[in-house]
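Structure first, commentary second.
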Amino acid sequence: MHPTLRLAAAISFASLFSLSAQAADSKGSVEVVHWWTSGGEKAAVDVLKAQVEKDGFTWKDGAVAGGGGATAMTVLKSRAVAGNPPGVAQIKGPDIQDWAATGLLDPDVLKDVAKDEKWDGLLDKKVADTVKYDGDYVAVPVNIHRINWLWINPEVFKKAGIDKAPTTLEEFYAAGDKLKAAGFIPLAHGGQPWQDSTVFESVVLSVMGVEGYKKALVELDEKALTGPEMVKALTELKKVATYMDPDGKGQDWNLEAAKVINGKAGMQIMGDWAKSEWTLAKKTAGKDYQCVAFPGTDKAFLYNIDSLVVFKQKDKGTAAGQQDIARKVLGEDFQKVFSINKGSIPVRNDMLADMGKYGFDSCAQTAAKDFLADAKSGGLQPSMAHNMATTLAVQGAFFDVVTNYINDPKADPADAAKKLAAAVNAAK
Ligand code: GAL
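According to mature numbering (1 follows the signal peptide of the UniProt record, and there is no 0), the stretch in the sequence shown is residues -23 to -1, 1 to 405, in order.
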C-alpha cells in the first residue's frame, strides 16, 4: 500500500480533535514534538524555547529520545491515531507530503507569516518545495545539515602517527590500521540502524559518485541497486565496518561522539549535529577537531533539512503560538544562534552567502560554501538515511538490509544488493 494511504488508513477512524484546549495562560501554549535530546541538541532547541517563552507563550516540550527520530515518528503516529497531535512537530522531507495528504496539517496557519516575512524570497526553491503542500507552507524549515562528514581528533591522529586527514578510502583504511595498532578505536560508531545507513550512504556516494547515488538511493533504480557499483560499495562498507567500535552495538551517536572528543577514538562518520557535542565540550573547529568530507565525497553534499510542521488544532488559540514559533525560526537571530549550537547551517539564502559575518566557524563556512556550489553542480543530493530522499517505508527497507548485512559475518555483497532491490521494491 502507498505510504500515504497507509498513514491515512491508520488515522481514518480517529477523531482528529479529541483532546481539550491547551493550558490556559496569557498568550496560549504550544506543544513541540522533536528528538533533539543529546546535550548539544538540547542546547540548540533551548534557544527556540527561550525566544518563544520571551514572547509570552508556554512551550510544552514533547521531546522523544532517539537519534534519527524513528521513535519520535512512532509516537507521533499514535498521537495522530488517538486524535491528539501536538501543535508543532519535527518532520522531514517527503514524509511532510504524506502527512499533509492526510489532512492533519494546517495549510492556513502559516499563510500570513510566510507572506509577511517573505519566505519565498528567503529560501531556495528546493527547500521551500519540501515544506509546502499544494503551494501552501505546512512547515517551517529550521536548518540544513550535511551528512557526509568525517570527524577527526587530530591529537589522536598524531599519537597514532597519521599526518593528514584521509581523502580516499585507501587512506581511510591506512589511518584505521594505524589507529588500531596504537590502541585507539579507529571509528566511533553506534550500531543503530540509522547510524549504519548514515555510513552506508556516505560509502555509496564515495564509490558510486553523485550520479550513482542519485540513481540508487533517490530514484531507486533497480539496475543501480543491484549493479556492480553497488556490490563494490557494499564490499567497501564491510571493510569500513571492520574499523567500527567493537563496543558500539546499539550505542547512541552522542556517546560515540564523546569517545572521539575524549581521545579514545580517532574518527566518526556522522552528520554535523555531531559538532553540537564538540561545541558543548568547548572544543574549537580546526584546532581541537577536524571536519572533512567523507573520503571521495568532497564534491557532494548529502543534505538533511530539519523542519517543524504545524498540525491542525481544536483550540484555535494555539495558532498564535504556532505562528510565533514559525516567525522566530526563520528570523536572523535564531538562524544564527541555533545553527551555531546545533552544528548545522542556516536555511536562509542571504545568510548562507555571508557566513563570516555571523561568526560561524570553519566547518560551517565550508558547509555553506559547498552547499551553494553543489546546488549549482548537481552535487547536492537528499539523504536517504535522514528521511530526505524516500518515504519512511522505503527507508525502513534500506535500514533492515544494511544493518543485517553489516552484522552478518557470512553476508555476501552481491546477495545483499539483490536483497536491497527486493526490499525497496516491496516497500515502494
Ligand atoms: C537527524 C536530525 C538532526 C539530528 C540527528 C540526530 O535526523 O535531522 O537534527 O537530530 O538526526 O538525532
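Ideal Cβ positions, reconstructed from N, Cα and C, are used throughout, including at glycine.
Just so it is clear, the structure is predicted and the values come from calculations on it, not from any experiment.
DSSP three-state call for residue i: helix, strand or coil?
i      : result
Met247 : coil
Trp13  : coil
Pro63  : coil
Asp101 : coil
Ser284 : strand
Met365 : coil
Asp113 : strand
Ile162 : strand
Phe337 : coil
Asp38  : strand
Leu81  : coil
Asp6   : The residue asked about is misnamed: residue 6 is Ser in this sequence, not Asp. Residue state, collapsed to three classes: strand.
I need the straight-line Cα distance from residue i to residue j, nearest angstrom please.
i       : j      : result
Leu81   : Ser55  : 13 Å
Phe375  : Tyr382 : 11 Å
Phe(-7) : Lys289 : In this prediction, Phe(-7) scores a pLDDT of 42, lower than 50, which makes its location untrustworthy; no coordinate-derived value is stated.
Trp171  : Gly333 : 33 Å
Glu147  : Asp154 : 11 Å
Pro356  : Asp292 : Looking at the sequence provided, one finds Gly at residue 356 rather than Pro. So the alpha carbons of these two residues sit roughly 44 Å apart.
Glu233  : Glu254 : 10 Å
Lys191  : Met221 : 26 Å
Met365  : Val133 : 34 Å
His166  : Asn281 : 20 Å
Lys264  : Trp250 : 18 Å
Ala(-3) : Val208 : Because Ala(-3) carries a pLDDT of 43, less than 50, the predicted location of this residue cannot be relied on, and the following value inherits that uncertainty. If you take the alpha carbons of Ala(-3) and Val208, they lie about 54 Å apart.
Pro386  : Asp198 : 27 Å
Gln358  : Gly189 : 11 Å
Ala345  : Leu397 : 33 Å
Asn402  : Asp392 : 16 Å
Asp85   : Val115 : 8 Å
Asp113  : Pro62  : 20 Å
Gln67   : Gly138 : 43 Å
Asp351  : Ala277 : 6 Å
Trp96   : Val104 : 11 Å
What residues in its chain sit with their C-beta under 7 Å from that of residue i, if we drop five residues either side in the sequence?
i      : result
Val180 : Ala210, Glu213, Leu214 and Val217
Phe34  : Lys4, Gly5, Ser6, Val7, Gly298 and Asp301
Glu94  : Arg304 and Leu307
Gly43  : Trp12 and Ala49
Excluding sequence positions up to five away, which residues of its chain have a Cβ less than 6 Å from the Cβ of residue i?
i      : result
Phe177 : Leu214 and Val379
Trp36  : Lys26, Val29 and Glu30
Lys157 : Pro163
Val314 : Val24
Compare the C-alpha of residue i against each of the options and name the closest.
i      : options                           : result
Ile246 : Val287, Ala362, Val119 and Leu164 : Leu164
Gly70  : Thr175, Pro118, Val24 and Asp38   : Pro118
So that I know if they touch, is there some Cβ in chain B lying closer than 8 Å to that of residue i?
i      : result
Gln169 : Among the protein chains of the structure shown there is no chain B, as only one such chain exists.
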